[in-house]
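Input: a single structure, listed below in structure tokens.
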Amino acid sequence: MLSQNVFPNAFTFSSILKSCPIQPAKLLHGQAIKFGFDAELYVRTCLAGSYARGGDVVSARKLFDAMPEKSLVSLTAMITCYAKHGMIDEARVLFDGMEERDVIWLGTQMLNAKVRPNEVTVLAVLSACGQIGALETGRWVHSYIENNGIGITLSVGTSLIDMYSKCGSLEDARLIFERISNKDVVAWNSMVVGYAMHGFSQDALRLFKDMCMIGYHPTDITFIGVLNACGHAGLVSEGWTYFSFNEEDDMGLNPRLSTMGVWLHGNIALGEQIAEYLVSQNLANSGTYVLLSNMYAAAGNWEGVARVRTLMKESGVEKEPGCSSVEVNNKVHEFLAGDLRHPKSKEIYEMLEEMNGWLKTHGHTPQTDIVLHDLEDAQKERSLGVHS
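Using the working numbering, the first residue of the sequence shown is number -8, and each one after it goes up by one.
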């Protein structure tokens, strides 16, 4: 090609590099630099893939780090390279930095291609499924684990409990929990928090008592689940008892636990004092402010809500918007409150209106008191209808 004075372009290099052994790839790398195509994202990705396939992890990582934007293809090549050479920690770091959808896509591609994943891959995919509510994909990964000899180890079992709990399948979560013979406190916490998250307060509290009787030492995560369970069930005195038990156990001042205890007790004045203390000690997070703001809102104290929001702004604290995900035909759809980005948002809102109308005609009265915004009742009803 060069002898005929036909000069290559970026596609020439990328096409050859896709199946090129490492030694010719090094020569092509030099030619790409010579012709000025080494900075092209796709060429760099193909070069990194060639080095990765050839086992030159250092060169592959240098090219990967030099990419201003990492594509899913380059991430896959780098993770596969690390996994192939037993560099599990490095592979996990890259996995953890990926978007949940990309993790699921990569994991399912590996399984479909009959590339046997290691435990790192399985744990990452299960975690991603739980984060975005991809229950069917999570079930599929679970089935793969059972049928391919990976085994329900403690870490895999705990990840399955967490995934099923977050996706709302508590029966499956409990079945896995019962199968784990060597449970640790993390496995117990996952099940307690799972029950509490979905309003199964008595189950959560029963499990907490079993956990303590057997001799497991509860952590702050345990108490967050327990206080959530008490809050859902309206068990104020019991919740305050558990909160006091946590304090007596000298587990330290956890920002979320402290404000949850105050929220449960309904003591706004104490909530303000604790929030101020947490802010002064640089212990506050967005959850601290949000819980205090919600307490004010529930009491109808809109001036207090405004003060908290001002304090958040002055402190540079931002609340991440809550979002909901639903999996339909193995495709995950994500929504924010009042979201209009979905390509079928018009049809979705029409269906919501139809559903709300049907509910009203059948005697349903919206609980507008749980809308923590200073709005008229009609606006609160609309807010409930589109909340994520």
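Even for Gly, the Cβ is constructed at its ideal location relative to N, Cα and C.
{"Asked": "DSSP three-state label for residue 338, please.", "Found": "helix"}
{"Asked": "Enumerated in chain order, which unbroken segments of the alpha helix (DSSP H) with a length of 4 residues or greater are wholly contained in the stretch 157 to 220?", "Found": "161 to 170, 176 to 188 and 192 to 205"}
{"Asked": "Is the stretch 218 to 232 in contact with the stretch 185 to 194, if contact means three or more CB pairs nearer than 8 Å?", "Found": "yes"}
{"Asked": "Could you tell me how far apart the beta carbons of residue 143 and residue 167 are, in whole angstroms, since I believe they sit closer than 8 Å?", "Found": "7 Å"}
{"Asked": "Quickly, what does DSSP pair residue 324 with across the bridge? List them, please.", "Found": "317"}
{"Asked": "State buried or exposed for residue 319, treating a residue as buried only when at least 16 other CB atoms are found within 10 Å of its CB.", "Found": "exposed"}
{"Asked": "Cα-Cα, which of 157, 308 and 232 is closest to residue 315?", "Found": "157"}
{"Asked": "Can you look up residue 118 in the DSSP assignment and give me helix, strand or coil?", "Found": "helix"}
{"Asked": "On the three-state DSSP scale, how would you describe residue 246?", "Found": "Summary for residue 246: the model assigns pLDDT 49, below 50, so the residue's position carries little reliability; its value from the coordinates is reported in the next sentence. Note: residue 246 maps to helix in three-state DSSP."}
{"Asked": "Going along the chain, which residues of its own chain have a beta-carbon closer than 8 Å to the beta-carbon of residue 243, five neighbours each way excluded?", "Found": "The pLDDT assigned to residue 243 is 49, lower than 50, so where the model puts this residue is not dependable, and the model offers no usable value."}
{"Asked": "Which word fits residue 52, buried or exposed, when buried means at least 16 other C-beta atoms lie within 10 angstroms of its C-beta?", "Found": "buried"}
{"Asked": "Where does residue -7 land, buried or exposed, given buried means 16+ other C-beta within 10 angstroms?", "Found": "Residue confidence is low: residue -7 scores 48 on pLDDT, short of 50, so the model does not pin down where it sits. Its coordinate-derived value is still stated next. Under this definition residue -7 is an exposed residue."}
{"Asked": "Assuming residue 51 is part of the alpha helix (DSSP H), what are its boundary residues?", "Found": "48 to 57"}
{"Asked": "What does the alpha-carbon distance come out to for the pair residue 176 and residue 139?", "Found": "28 Å"}
{"Asked": "Please determine, among 290, 201 and 280, the residue with the shortest C-alpha to C-alpha distance to residue 298.", "Found": "280"}
{"Asked": "Looking at the secondary structure, which residues open and close the alpha helix (DSSP H) in which residue 129 lies?", "Found": "126 to 138"}
{"Asked": "Would residue 69 and residue 117 be called neighbours here (beta carbons separated by less than 8 Å)?", "Found": "no"}
{"Asked": "Which of helix, strand or coil does DSSP assign to residue 229?", "Found": "helix"}
{"Asked": "Is it right to say residue 241 is buried, meaning 16 or more other beta carbons lie within 10 angstroms of its own, or is it exposed?", "Found": "Confidence is the limiting factor: at residue 241 the pLDDT is only 49, short of 50, which leaves the residue's position unreliable and the question unanswerable from this model."}
{"Asked": "Span of the alpha helix (DSSP H) holding residue 61?", "Found": "Unbroken run through residue 61: none, as it is neither H nor E."}
{"Asked": "Write down the C-beta distance between residue 215 and residue 185 rounded to the nearest angstrom, noting that I regard them as a contact closer than 8 Å.", "Found": "The Cβ separation is near 12 Å, so there is no contact."}
{"Asked": "Where does the unbroken alpha helix (DSSP H) through residue 305 begin, and where does it stop?", "Found": "293 to 306"}
{"Asked": "Compute the Euclidean distance between the alpha carbons of residue 366 and residue 293, then round it to the nearest angstrom.", "Found": "Interpretation of residue 366 is limited by its pLDDT of 46, a score under 50 that renders its predicted location unreliable; no figure is taken from the coordinates."}
{"Asked": "Do residue 188 and residue 380 count as a contact pair if the criterion is CB distance below 8 Å?", "Found": "Residue 380 cannot be examined here, being either before or after the span of the chain that is shown, -8 to 379."}
{"Asked": "Under three-state DSSP, which class holds residue 35?", "Found": "helix"}
{"Asked": "Using the beta-carbon count (16 or more within 10 Å), is residue 56 buried or exposed?", "Found": "exposed"}
{"Asked": "So, is residue 174 buried or exposed, given that buried needs 16 or more other C-beta atoms within 10 angstroms?", "Found": "buried"}
{"Asked": "What is the DSSP secondary structure of residue 332, counted as helix, strand or coil?", "Found": "coil"}
{"Asked": "With DSSP collapsed to three states, give me the class of residue 123.", "Found": "helix"}
{"Asked": "Residue 115: which of 84, 286, 134 and 130 sits nearest, CA to CA?", "Found": "84"}
{"Asked": "Any idea if residue 179 is buried or exposed, counting beta-carbon neighbours within 10 angstroms, 16 or more meaning buried?", "Found": "buried"}
{"Asked": "Determine the closest residue to residue 34 out of 60, 47 and 286, with distance taken between C-alpha atoms.", "Found": "60"}
{"Asked": "Within the same chain, show all residues whose beta-carbon is closer than 6 Å to that of residue 42, passing over the 5 residues directly before and after it, in chain order.", "Found": "50 and 51"}
{"Asked": "Assign residue 230 to buried or exposed, taking buried as 16 or more other Cβ atoms, counted over all protein chains shown, within 10 Å of its Cβ.", "Found": "buried"}
{"Asked": "Does DSSP put residue 141 in a helix, a strand or coil?", "Found": "coil"}
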